[in-house]
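Chains as they are written, first to last, in my numbering: chain F, 19 to 540; chain W, 19 to 540. Virtual Cβ for every residue (Gly too), placed ideally from N, Cα, C. Bear in mind the structure is a predicted one, so any value in this text is a computation, not a measurement.
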């Protein structure tokens, strides 16, 4: 079975994506997750280009990776000095990574217009840069930037450039479609032409500007490349990099290659979502293999067929990479998940009973109103319990008021007052804050904490707002999702209302009640 | 130059996407936009499957399309009756479209497990269905569902199924990769094997479950298919359908095929965003060719190179499909757009002046605080004018209060009071509503309308909330975008604050001020 080496550059090329910014600690967390899932290389950054990356490599010197080799990235040396004198190369060596990835110019247009040196000098730069790093006993990956564009424009020169790296001892030559403008047949045609003229094994690095980064990576592997560079979830500049989860998915499940360990494939969804969460960039629902909708069926005829034979509308088992099947609408769709969930709550429901039917109807009503329980398991559990009359509330609201005020040239501020009844006692509390929802949250906790001291140990970690049917302007309904956490768990709750304060209140109450319910089971 | 027919199924297969639901009027608007941009076929729905689609086709009987032919969709006839007696076929014919697209089974697994008829009966069903519709003088497109999976499993039978349609007179045979599990080389290999055995021209219909729908469509065209079916923006069930904007982009700009008229290519971004807006599903920033980030450059070395030669990091001119280049960060990045924008406002700024530098610094500060002006041109114009001291406010805020209240078992409600000074007069007003932002909006207008009656003619059309850095929970900053509209224009404004009421207030004020400013220029 052929092995393909997976080279992840989420922490370097991925951070070029619009809207992404990783702290040193974020980078560490992602690196550990990548190591855990079994990628072979982790490119951590460009130590000479910014202090954050330098700090990351310093931090990683104290961390032992189980599977992956860590790589530091850099351009070839500056023109007009030797590699050994280039301060950027000093940083690179000081990063103390087993692997160094150097990118060099292979497109004559770049040599002339961007680097602004003679073609010969660029070849000398490549040679000197690679040779120097080989004397430092590093594994050297040479990223041939714009190789395909260069080859199309001046094939002799592009070839000479990678030969310079090859002859200087580069361990892998990675052919880059940096601008993402190449087609699969160009990729495989060019690789076939040059393959036998290079001693080192070849790799591929492609970008998604024509939605072909996955196809181009596959074409390159088919043509003989043994390393694939990409990022998790396809994060990257412009339209992104080649998406490693999809490429691993296809190579391992459809083409029989060995990529990450087989036993780790089922963890791919979890790893991808973890990285997405740390990077604070969403994974699209329609993402292949791992997306929320990747195995979601909506058409009635499809659902019907799936129930007869899942192969009918699924190209592989959703569980392969840790995903699962979902039926989006229709009465047929909803009963099974409800029954399953009820069983988790130790409530036996017959799928065909009037109770199941009624519960489903109530759920559909809630969904019609804009509730979405897929992302809010805690609220779903409370909803089920309330509907099945298995629930005793921990407190009773008598009323709240939330007030935001702003005077000319002053900052806005908010205060909340709340009346509740808890364990037979009336409680009144007030709190202020910069924003109304935080004020309300603080007031609620103040009122409850005497009776439920455990609430001291939970806090809110995430707050999301989505306006439903934005076309109604400020009168539209909003859906609020709140994520909370204590020492043991994380849970998510939901609220929906035309009034954002009320929607937030619903989610806050669910969050607190779920915590109390959870503790009471212990 | 070879012509490829573009067959759009956004209104049918696209509506299988999770989260999409189109009214009859939405469908009409999208159909007109598709016609305008020059697609050759528009599939409008399945008249026999739901009343909405039936109504759409009735409505379209009174609409004359300039370029496209309208198609109605259906399965082949039911088992156990003749096509002429199938009520579904009656609806199909009554839809009065020039084109009918029939999907039939070609995978023996589906015939056995889903349709549950004998292999022979399925062939008879296909033959009878196509023949009947040909007697009605329709152009018949035969969608060979699961053709590639069928061919891989039982090539004789899959071929027999499309031959049945071919012999019955189908005008085009469209090969479908319904489950999206096929690879480009499988697609082209299978088409090469069957091409000469079918009289009708061939088409391709692919799904994106492995991020290969675009590559598979291109492989099919290369193998001889002359029709490509897909949806705008790739909307569709699971991971979506083949994305027509990307496919048109590649076929027209890279491969020299004729697709939609050349003169329409530059309108593609606008058309894609229009469809997205009506469908209320976002276009991802990283979308090839047309996405907001598709030509956005973040790395300093890339920006520097682009300024020397745009080819350095762009595979084609962003304007080709109506997009434009953006520089995301760095001082270098910001000056040009500012100078350009200032010129639009008839303010001459020298790019190298201290004024330009200062303006840029102020802008970067705002962006750091979370403002995003790319989607909020009206707020950007106001920001520039205020900074350049070219702005006289239309009113002065003295203060506002917004109050949300909720009693046990009652619905939440909100009220707002506001004090302003306008044209030397103090005004005070109050308004109530279900939500706090709407109450504030109403109160503000009440206070202003006597002095500025033109405000009667504007209203808010969209309200969006995004929580910035969600990890801070309810204390996080939120960014509010408000879209407003009068008889002539639409404009968007932005506000950012930890307090959502204040963020909304900022966007509301900008919206009103922009309207007044705009009118004052007339």
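- Taking the C-beta atoms as reference points, residue 430 of chain W is found nearer than 8 Å to residue 520 of chain F.
- Under the three-state reduction of DSSP output, residue 76 of chain F falls in the helix class.
- With the criterion set as a beta carbon lying under 9 Å from some beta carbon of chain F, the members of the segment 523–535 of chain W are 523, 526, in sequence order.
- Burial state of residue 397 of chain F is buried, judged by a 10 Å Cβ sphere holding 16 or more other Cβ atoms.
- By the Cβ test, the segment 151–161 of chain F is in contact with the segment 111–126 of chain F, since at least three Cβ pairs between them sit closer than 8 Å.
- Counting only the Cα atoms, residue 197 of chain W lies some 41 Å from residue 122 of chain F.
- Interface residue (Cβ-Cβ distance to chain W less than 8 Å): residue 277 of chain F is not classified as such.
- In this structure, the CA atom of residue 144 of chain F is about 17 Å from the CA atom of residue 169 of chain F.
- In terms of beta-carbon proximity, residue 341 of chain F stays away from the interface with chain W, with every pair separated by 8 Å or more.
- Of the other Cβ atoms in all chains shown, fewer than 16 fall within 10 Å of the Cβ of residue 20 of chain W; this residue is therefore exposed.
- Residue pairing by DSSP puts residue 510 of chain W in a beta bridge opposite W:501.
- Straight across, the Cα-Cα distance linking residue 328 of chain W with residue 336 of chain W is about 10 Å.
- Taking the C-beta atoms as reference points, residue 239 of chain F is found no nearer than 8 Å to residue 262 of chain F.
- Distance check between residue 266 of chain W and each of W:502, W:523, W:57, W:39 places W:57 closest, using alpha-carbon atoms only.
- Contact annotation: the segment 436–449 of chain W touches the segment 401–415 of chain W, with at least three C-beta pairs closer than 8 Å.
- Each of W:526, W:182, W:264 was checked against the Cα of residue 479 of chain W, and the nearest Cα belongs to W:526.
- Across the set F:320, F:129, F:113, the C-alpha of F:129 shows the shortest separation from the C-alpha of residue 175 of chain F.
- Residues of the segment 289–321 of chain W with a Cβ closer than 9 Å to any Cβ of chain F, in chain order: 298, 302, 303, 304, 305, 306, 307, 309, 310, 311, 312, 313, 314, 315, 316, 317, 318, 319, 320.
- For the segment 38–53 of chain W, the beta-carbon criterion of a distance under 7 Å to any beta-carbon of chain F is satisfied by none of its residues.
- Within chain F, the residues placing a beta-carbon under 7 Å from that of residue 264 of chain W are 228, 229, ordered along the chain.
- Two segments are said to touch when three or more pairs of C-beta atoms, one from each, lie closer than 8 Å; by this definition the segment 130–141 of chain W does not touch the segment 99–115 of chain W.
- For residue 431 of chain W, the beta-bridge partners assigned by DSSP are W:423.
- In this structure residue 427 of chain W is exposed. Its beta-carbon is surrounded by fewer than 16 other beta-carbon atoms within 10 angstroms.
- Between residue 417 of chain W and residue 425 of chain F, the C-beta gap is smaller than 8 Å, which places the two residues in contact.
- Identification of residues in the segment 414–425 of chain F having a C-beta nearer than 9 Å to some C-beta of chain W yields 414, 415, 416, 417, 418, 419, 420, 421, 422, 423, 424, 425, given in sequence order.
- Legend: CB atoms of the segment 131–142 of chain W lying less than 7 Å from CB atoms of chain F belong to residues 131, 132.
- Only 515, 516, 517, 518, 519, 520 from the segment 497–521 of chain W bring a Cβ to less than 7 Å from some Cβ of chain F.
- Chain-ordered listing is empty here: chain W has no CB closer than 7 Å to the CB of residue 152 of chain F, the nearest sitting near 25 Å.
- Residue 268 of chain W has a beta carbon lying within less than 8 Å of a beta carbon in chain F.
- Taking the CA atoms as reference points, residue 147 of chain W sits about 30 Å from residue 277 of chain W.
- Interface flag for residue 471 of chain W against chain F is unset, since no Cβ pair is found closer than 8 Å.
- Cβ proximity to chain W below 8 Å picks out 430, 431, 432, 451, 452, 453, 454, 455, 456 from the segment 430–457 of chain F.
- For the pair residue 465 of chain W and residue 432 of chain W, the CB atoms are not nearer than the 8 Å cut-off.
- W:463 is the residue among W:264, W:463, W:217 whose C-alpha sits nearest the C-alpha of residue 475 of chain W.
- The C-beta of residue 25 of chain F comes no closer than 8 Å to any C-beta of chain W.
- Residue pairing from DSSP leaves residue 532 of chain W without any beta-bridge partner.
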